[in-house]
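Engineer: In terms of numbering that gives the first Met the number 0, the sequence shown has 88 at position 89, counting the first letter as 1, and numbering is strictly consecutive.
Backbone N, C-alpha and C define an ideal beta-carbon position, used for all residues, glycine too.
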Amino acid sequence: MRLPFGLARRHFSGIAGIVKRKRGSGGLGFKNGTSVDVCEDARWLEQNWVERMDATVNLFDEARRKFHSQRYIFAAHRARGKRVLDCASGTGYGCRILKEEGNASAAIG
């Protein structure tokens, strides 16, 4: 199965790219109007990269990102109309894939 990384980049606001442009400014706004401290999130992810994973951020090795993303893509094909619980969801990118790409009726994690 070919993994659509462009799809993931389109839906998730690439923390790494934003941090490179605005490092240190805090309270950055995303296109959807929400404001979060992206620099803090990126620092936390960098400090905990061994234990945490976000397949949408280029901080991690491509093979590792693909390994994690493929499981959500697999599950998304089976989630249509279902309520899905993502245990130990970490940063939440998987729930977003299940909800937006898999059309799950609810994705909680």
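CA-CA distance, residue 53 and residue 62?
Structural biologist: 13 Å
Engineer: Give the straight-line distance between the Cα atoms of residue 57 and residue 89, rounded to the nearest whole angstrom.
Structural biologist: 16 Å
Engineer: Would you kindly check if the distance between the Cβ of residue 82 and the Cβ of residue 103 is under 8 Å?
Structural biologist: yes
Engineer: Going by beta carbon distance, what residues of the same chain come within less than 7 Å of residue 93, once the five residues before and after it are set aside?
Structural biologist: Apart from sequence neighbours up to five positions away, the residues of its chain that approach residue 93 with a beta-carbon distance below 7 Å are 71, 85, 108, ordered along the chain.
Engineer: Short check: CB of residue 74 to CB of residue 101, under 8 Å?
Structural biologist: Residue 74 is a Cβ neighbour of residue 101, given a cutoff of 8 Å.
Engineer: Among all the DSSP beta bridges, which residues are the ones paired with residue 107?
Structural biologist: Looking at the DSSP assignment, residue 107 forms a beta bridge with 84.
Engineer: When burial is assigned at 16 or more other CB atoms within 10 Å of the CB, is residue 87 buried or exposed?
Structural biologist: exposed
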